[in-house]
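Have a look at the structure below before the remarks.
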Amino acid sequence: MRAKSIELLNKAISEELVAVHQYMYFHFHCDDQGYDLLSILFKRTAIEEMLHIEKLADRILYLKGEILMEAADKVKPITDVKEMLDFAAKSEDEAVVMYNNFAIECGNNADSVTKTLFESLVIDEERHFGQFDDEMENLKKFGDRYLVLQSMERSKKSSAMGMPVGE
Ligand SMILES: [Fe+2]
Ligand SMILES: [Fe+2]
-1 MRAKSIELLN
9 KAISEELVAV
19 HQYMYFHFHC
29 DDQGYDLLSI
39 LFKRTAIEEM
49 LHIEKLADRI
59 LYLKGEILME
69 AADKVKPITD
79 VKEMLDFAAK
89 SEDEAVVMYN
99 NFAIECGNNA
109 DSVTKTLFES
119 LVIDEERHFG
129 QFDDEMENLK
139 KFGDRYLVLQ
149 SMERSKKSSA
159 MGMPVGE
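Start counting the sequence shown at -1; every next residue gets the next number (the numbering used here).
See the structure below:
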C-alpha cells in the first residue's frame, strides 16, 4: 500500500512542479506585456500548485517515503496569451483525470487518506480549469479589446501613482 501511494504522490509532485514553472513563466510574460489580470491569475495559480506540492510532500513523509522533486517536463516557451490559456486549461483538465485515477487506485489499495488528498486536489484543479476557461471565453468574446483594456488599466494606474504596478 505504502510503496504504491508514495509512487503516485511523487508522480503528482513532478506534474505540479511543471505547473508551477509553466505558470510562473506565463506570469512573467503577461506582466511584461502589461496584462495585469492574467499575470496575477497565473501567479496565484502557481502559488496554489506549490501548496499542492507541500500537501503531497507531507503525505510522503508520513508514509516514510522519499520526496523526489523531479519536474516531469521542461517549460514550454509559449508567449502568446491565447496559447497560454489553451495550454493551462488542457493541463488542468489532464490533472483532473490524473487525480481522479490516483484516488481510485488509492481506494483500491485501502489508503483512504491519500485517496481523500487526491480528491481534494480534483476540486482545486477543476476550479483552475474553470478560471482559465472563463478567460478563454472572454478573449474569444472580446478579442484583442480584452487585452488592450488590461494594458490601459495598467497605464491609468501607473500614471495615477507615478510608478509601475503589478503584483
Ligand atoms: Fe495542482
Ligand atoms: Fe491546477
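Ideal placement from N, C-alpha and C gives every residue a C-beta, glycine not left out.
Here DSSP, grouped into helix, strand and coil, assigns A17 to helix.
Within 7 angstroms of the C-beta of L119 there is at least one heavy atom belonging to ligand 1.
Sorting F24, I51 and F40 by C-alpha distance to the C-alpha of E13 places I51 at the top. Judged by their CB atoms, Y33 and Q148 are nearer to each other than the 8 angstroms cut-off. Every alpha helix (DSSP H) of 4 residues or more that sits fully in the stretch 137 to 164 is shown, in chain order, as 142 to 159.
For M82, the number of other beta carbons within 10 angstroms of its own is at least 16, and it is reported as buried. If you compare the alpha carbons of N136, N98, L66 and Q129 with that of S118, the shortest gap goes to N98.
For I102, the number of other beta carbons within 10 angstroms of its own is below 16, and it is reported as exposed.
Of the heavy atoms belonging to ligand 2, none sits nearer than 7 angstroms to the Cβ of D109.
By the 16-neighbour rule on beta-carbons within 10 angstroms, T43 is buried. Scanning the stretch 82 to 145 from its first residue to its last, the whole alpha helix (DSSP H) runs of 4-plus residues come out as 110 to 140. DSSP, reduced to helix, strand and coil, places E47 within a helical segment of the structure shown.
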